[in-house]
Amino acid sequence: MTPDPNTLSSRLDTLDVDVRLAIIEYDDCLAAYGPRADDTTVPRHVLDDYAIALDVLALARRVPTADVPALLAVGTRALLRVHRALRR
31 MTPDPNTLSS
41 RLDTLDVDVR
51 LAIIEYDDCL
61 AAYGPRADDT
71 TVPRHVLDDY
81 AIALDVLALA
91 RRVPTADVPA
101 LLAVGTRALL
111 RVHRALRR
């Protein structure tokens with residue numbers, strides 16, 4: 031019998047997969063800025079934002095699935111500030 035996509039368990043499985051894939055993508059984006067984190071010319075506020083983004087990634091891997099999107103929203107804003115600062 032084919033599972034009904036409208037059942038609660040099917041939706042939770044899909045949400046879990048979507049969230050885990052988002053974490054993987056977030057990790058990939060964050061890793062691209064890793065080499066710059068060791069650069070001594072990077073301003074302190076940029077390193078602080080990078081640290082926030084790293085902390086968010088660590089938390090996102092440990093909290094319940096339902097809490098991950100809010101965490102990634104905070105981390106994405108921090109990562110965007112890093113991106114903008116390093117683009118200058």
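Numbering-wise (my numbering), the sequence shown opens with residue 31 and increments by one.
Beta carbons: idealized from backbone N, C-alpha and C, even for Gly.
In this text the structure is predicted, and so the values were computed from the model without any measurement.
- Exclusion of the five residues before and after P99 leaves V49 and A52 as the residues of its chain whose Cβ lies within less than 8 Å of its Cβ.
- Here V112 is actually not in contact with A88; their C-beta atoms are around 16 Å apart, not less than 8 Å.
- For the pair A115 and G105, the CB atoms are not nearer than the 9 Å cut-off.
- Here DSSP, grouped into helix, strand and coil, assigns V86 to helix.
- In the structure shown, D68 falls within a coil segment according to DSSP collapsed to helix, strand and coil.
- If you draw a straight line from the Cα of V47 to the Cα of A103, it is about 18 Å long.
- With a cutoff of 9 Å on beta-carbon distance, Y80 and A67 are scored as near each other.
- Excluding its 5 nearest sequence neighbours in each direction, P73 has C-beta neighbours in its own chain below 8 Å: A115, listed in chain order.
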